[in-house]
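Okay, so here's the structure we're looking at.
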Amino acid sequence: MNDLEPFARLAAALAPWRDQIVYVGGWAHRLYRLHPLATADPRFRPIATLDADIAFDEHTRFQGSMKDALLAAGFREQLCGEYRPPVAKYTLGDERHGFYAEFLTTLSGSGRTRQGAPSVTLDASGISAQKLRRFSLLMALPWRVSIAAGTAGLPVPLHGLRIPNPVSFIAQKILIRDERRRQRKLAQDILYIHDAIVLFGDRASRLAVLWRDDVAHHVSARERAEIVEGIEALFGEVADELRAAARIPVDRLLVPREMQAICRQWLGDLYGRSA
Numbered sequence: 001m002n003d004l005e006p007f008a009r010l011a012a013a014l015a016p017w018r019d020q021i022v023y024v025g026g027w028a029h030r031l032y033r034l035h036p037l038a039t040a041d042p043r044f045r046p047i048a049t050l051d052a053d054i055a056f057d058e059h060t061r062f063q064g065s066m067k068d069a070l071l072a073a074g075f076r077e078q079l080c081g082e083y084r085p086p087v088a089k090y091t092l093g094d095e096r097h098g099f100y101a102e103f104l105t106t107l108s109g110s111g112r113t114r115q116g117a118p119s120v121t122l123d124a125s126g127i128s129a130q131k132l133r134r135f136s137l138l139m140a141l142p143w144r145v146s147i148a149a150g151t152a153g154l155p156v157p158l159h160g161l162r163i164p165n166p167v168s169f170i171a172q173k174i175l176i177r178d179e180r181r182r183q184r185k186l187a188q189d190i191l192y193i194h195d196a197i198v199l200f201g202d203r204a205s206r207l208a209v210l211w212r213d214d215v216a217h218h219v220s221a222r223e224r225a226e227i228v229e230g231i232e233a234l235f236g237e238v239a240d241e242l243r244a245a246a247r248i249p250v251d252r253l254l255v256p257r258e259m260q261a262i263c264r265q266w267l268g269d270l271y272g273r274s275a
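What the sequence shown shows, in UniProt numbering, is residues 1 to 275, in sequence order.
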């Protein structure tokens with residue numbers, strides 16, 4: 001089973017809620033090439049991923065049970081931790097090495113209840129979602145893609161899957177870079193940023209308008225400054241994480257110095273540069 005087959009199964013199960021959820025993380029990166037604005041032939045394979053992150057706004061009111069839909073599609077719920085509700089994964093196949101989905105939502109306020117207990121998970125539509133900060137940007141002005149019938153054995157197409165627009169996707173990756181460094185996932189995010197630029201580099205002027213006229217209004221002035229600072233922090237020089245990012249793909253040879261130059265120039269043109 002390749003990774004697209006279980007994802008298609010997941011997306012089919014969650015199709016009734018497609019207007020309320022956004023596929024983020026590695027699957028946003030994977031699905032970008034299906035968007036009509038993407039480069040028709042990127043000349044590299046997508047990075048395989050066996051985990052899917054599904055986002056929704058914490059104030060969303062759902063009809064029906066996503067949990068029941070997942071269980072009916074063959075997923076199993078795995079609960080862990082002492083939080084209430086517990087952290088949950090929804091697995092398909094082998095629990096250690098198989099495909100799984102996690103739900104994520106926005107964390108606002110102190111992150112604690114009035115009684116002082118941690119409030120880091122949320123129960124919605126029968127599923128348990130983890131709350132994360134700096135997450136709402138991914139749900140601002142999402143794009144839509146479709147998976148054609150026949151792909152991964154799909155009997156019918158999957159239309160209208162929502163993913164973050166690449167301007168929001170890249171900006172959020174830059175904003176959470178310190179946390180991702182602690183999680184040892186920064187190199188992966190740098191590769192995602194680079195690949196998004198490769199896929200949409202020819203649409204730079206259109207994306208600049210999207211940032212200036214729309215997405216920039218969803219972040220504070222301080223966060224806009226942090227994005228500009230983050231570009232220099234990540235791509236001002238060839239650092240270890242960038243070298244590690246260049247080593248991730250197995251089907252292409254990436255040169256760290258070229259990645260650094262491309263990303264620094266393109267991102268500076270899009271988001272602005274330090275004074």
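Beta carbons are placed, not taken as given, at the ideal position from N, Cα and C, and that holds for glycine. None of these values were measured; they are calculated from a predicted model.
- Message: Quick check on His194: buried or exposed, where buried means 16 or more other Cβ atoms within 10 Å of its Cβ?
- Response: Position 194 of the sequence shown, counted from the start, is the residue given in the question as residue 194. Buried, since its Cβ has 16 or more Cβ neighbours within 10 Å.
- Message: Does the structure place the region 253-266 close enough to the region 191-206 that three or more beta carbon pairs sit under 8 Å?
- Response: yes
- Message: Excluding the 5 residues flanking Ser128 on each side, which residues of the same chain have their C-beta closer than 8 Å to its C-beta?
- Response: As a working mapping, residue 128 is identified with position 128 in the sequence shown. Hits under 8 Å: Leu79, Pro85, Pro86, Val87, Ala88, Phe103, Thr121 and Leu122.
- Task: Could you name the residues of the same chain whose beta carbon sits closer than 6 Å to that of Leu31, not counting the 5 residues immediately before and after it, in chain order?
- Result: Mapped onto the sequence shown, residue 31 falls at position 31. The residues are Val145 and Ile163.
- Task: Count the other C-beta atoms from every protein chain shown that fall within 10 angstroms of the C-beta of Val209, then say buried if there are 16 or more, exposed otherwise.
- Result: Here the question's residue 209 lines up with position 209 in the sequence shown. It is exposed - the Cβ of Val209 has fewer than 16 other Cβ atoms within 10 Å.
- Identified DSSP bridge partners for Ala38: Indexing the sequence shown from 1 puts residue 38 at position 38. Bridge partners of Ala38: none, in fact.
- Message: Please state the DSSP three-state secondary structure of Leu175.
- Response: As a position in the sequence shown, residue 175 is number 175, starting the count at 1. Of the three classes helix, strand and coil, the one that applies to Leu175 here is helix, per DSSP.
- In terms of residue numbering, what span does the beta strand (DSSP E) encompassing Tyr100 cover? For the purposes of this step, residue 100 is identified with residue 100 of the sequence shown, where counting begins at 1. Segment Phe99 to Thr106, the beta strand (DSSP E) holding Tyr100.
- Item | DSSP state of Ile248 mapped onto helix, strand, coil | Counted from its first residue, the sequence shown places residue 248 at position 248. Note: Ile248 maps to coil in three-state DSSP.
- Message: Measuring only the C-alpha atoms, how far is Pro6 from Ser274?
- Response: As a working note, residue 6 is residue 6 in the sequence shown. As a working note, residue 274 is residue 274 in the sequence shown. Rounded to the nearest angstrom, the two C-alpha atoms are 43 Å apart.
- Item | Nonlocal neighbours in the same chain, by C-beta distance under 6 Å from Asn165, ignoring five residues either side | Locating residue 165 in the sequence shown gives position 165, where the first residue counts as 1. For Asn165, where only same-chain residues beyond five positions count, the Cβ hits under 6 Å are Leu141 and Trp143.
- Message: Mapping the DSSP letters down to three states, classify Phe56 as helix, strand or coil.
- Response: Translated into positions along the sequence shown, residue 56 becomes position 56. Three-state result, Phe56: strand.
- Message: Excluding the 5 residues flanking Glu237 on each side, which residues of the same chain have their C-beta closer than 8 Å to its C-beta?
- Response: Here residue 237 corresponds to residue number 237 of the sequence shown, with the count starting at 1. Excluding residues within five positions, the ones whose Cβ falls inside 8 Å are Gln260.
- Item | Distance CB(Ala187)-CB(Ala244) smaller than 8 Å | Taking the sequence shown and counting its residues from 1, the one referred to as residue 187 is at position 187. Taking the sequence shown and counting its residues from 1, the one referred to as residue 244 is at position 244. Taking 8 Å as the Cβ cut-off, Ala187 and Ala244 qualify as a contacting pair.
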